[in-house]
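Below: the structure, in structure tokens.
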Amino acid sequence: MSEQPITERATMPKGYNPVLERRTVENANKNLLKYLKLGLTVLDVGCGSGAITRSIAEKTGPTGRVLGIDPSENLIRQADQNVGNLPGIFFQQADVYSFDTTEQFDLVTCARTLQWLAQPEAALVNMKRFVKPGGYLAILDFNHEKLSWTPEPPAAMRTFYDVFLQWRQDAGFDNAIADHLEAMMHHIGFESVTVEPQFEVSRRDDPDFSVTSRLWAEVAELRGPQLVQAGYITEDQRLQAIADYDSWIATIGESMTVYMLAIEAQQPV
Ligand SMILES: C[S@@+](CC[C@H](N)C(=O)[O-])C[C@H]1O[C@@H](n2cnc3c(N)ncnc32)[C@H](O)[C@@H]1O
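Written as structure tokens, this is what we have:
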């Protein structure tokens with residue numbers, strides 16, 4: 001198989017994605033809880049397979065309207081299939097840069113998506129257009145350079161992780177996007193911007209430590225083949241990273257802290 005074009009690196013691999021599907025507002029986007037109420041209208045940009053979008057729609061109820069957009073045909077199909085009978089929720093295949101509508105929303109949310117964009121500020125400018133006067137734009141994203149493990153992960157996983165960040169950077173993605181968003185929000189015209197830490201900490205004592213700390217083994221499983229195809233690592237190195245990291249989780253792994261920030265602003269009235 002040949003390497004995909006560099007512009008395609010943000011494309012999610014096909015198939016069921018357990019990382020996306022176990023997310024809810026409560027466990028993965030809790031900065032939104034303060035806004036969500038019955039009847040709210042919400043645009044979820046980069047909604048993936050719609051797990052968080054469904055969780056939003058459960059809170060906005062049948063009188064609300066929640067629209068999830070994502071450029072991946074495959075993920076939008078999964079989102080449509082997974083939605084069941086939940087009222088007030090809709091999905092549309094669309095790209096954040098070119099999405100257009102005359103509709104404006106009480107809340108525009110974009111979680112873990114700007115990290116995959118080479119022009120995040122252009123995306124913010126377009127999203128701002130869809131926020132009602134007095135409504136909110138709420139971004140949640142990573143600084144991958146500030147991820148920490150205790151104790152240090154196995155060398156094979158450290159190598160995989162460092163290569164993953166290099167592969168992302170070479171495609172023009174900002175590994176430290178979370179720490180650059182406050183300035184970008186000011187730059188596009190928001191006056192008052194709030195920044196709230198949303199670190200995701202997995203500790204050995206947590207009942208789901210073996211699932212949540214496994215995030216990077218899952219990235220090596222799901223995204224790793226793209227790095228192999230692009231010649232950044234060998235298939236043996238990828239498999240070694242997964243195996244060694246799984247044994248770190250089973251034996252000496254104590255904690256993993258994923259650095260995330262929620263950056264939010266209100267549209268002037
Ligand atoms: C890590 S997933 C996040 C999904 C979900 N928001 C969450 O937090 O679980 C990133 C999503 O961004 C989407 N994406 C990539 N490029 C995009 C673009 N240009 N416009 C909108 N979404 C995009 C991907 O298809 C993917 O579903």
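Just so you know, we're using full-length UniProt numbering here: the sequence shown kicks off at 1 and counts up by one. Where is the CB? At the ideal position from N, CA and C, for every residue including glycine.
Delimiting residues of the alpha helix (DSSP H) encompassing residue i
| i | result |
| --- | --- |
| Phe160 | Ala155 to Asp170 |
| Ala183 | Leu181 to His187 |
| Val125 | Pro120 to Lys128 |
Segment limits, beta strand (DSSP E) that includes residue i
| i | result |
| --- | --- |
| Thr41 | Thr41 to Val45 |
| Tyr136 | Val131 to Phe142 |
| Arg65 | Arg65 to Asp70 |
| Val108 | Phe105 to Ala111 |
| Ser255 | Ser255 to Val258 |
| Thr194 | Val193 to Pro197 |
| Arg54 | Run containing Arg54: none in the beta strand (DSSP E); it sits in the alpha helix (DSSP H), Ala51 to Thr60. |
| residue 307 | This structure cannot settle anything about residue 307, because the visible part of the chain is limited to 1 through 269. |
| Ile89 | Ile89 to Gln93 |
| Trp116 | Per DSSP, Trp116 belongs to no beta strand (DSSP E) and is neither H nor E. |
Closer than 7 Å: residue i CB and nearest ligand 1 heavy atom
| i | result |
| --- | --- |
| Arg112 | yes |
| Trp216 | no |
| Pro120 | no |
| Arg23 | yes |
| Gly39 | no |
| Val45 | yes |
| Ser72 | yes |
| Tyr97 | yes |
| Ala220 | no |
| Gly48 | yes |
| Ala28 | yes |
| Leu165 | no |
| Ile242 | no |
| Leu75 | yes |
Buried versus exposed, by CB contacts within 10 Å (16 or more), residue i
| i | result |
| --- | --- |
| Arg214 | buried |
| Met1 | Its pLDDT being 43, under 50, Met1 is placed unreliably in this model, and the value from its coordinates should be taken loosely. That one is exposed. |
| Arg54 | buried |
| Asn85 | exposed |
| Arg168 | buried |
| Ile177 | buried |
| Gly48 | buried |
| Thr251 | exposed |
Stretch pair the segment 193-213 + the segment 242-261: three plus CB contacts closer than 8 Å: yes
Validate contact between the segment 25-35 and the segment 225-243 using beta carbons, cut 8 Å, 3 pairs: no
Contact between the segment 236-250 and the segment 134-154 (3+ Cβ pairs under 8 Å): yes
The segment 34-43 in contact with the segment 59-67 per 3-pair CB rule at 8 Å: Put simply, the segment 34-43 touches the segment 59-67. At least three CB pairs are less than 8 Å apart.
Segment contact flag, the segment 118-138 with the segment 86-98, C-beta cutoff 8 Å, min 3 pairs: yes
Cβ pair count under 8 Å reaching 3, the segment 105-117 against the segment 129-142: yes
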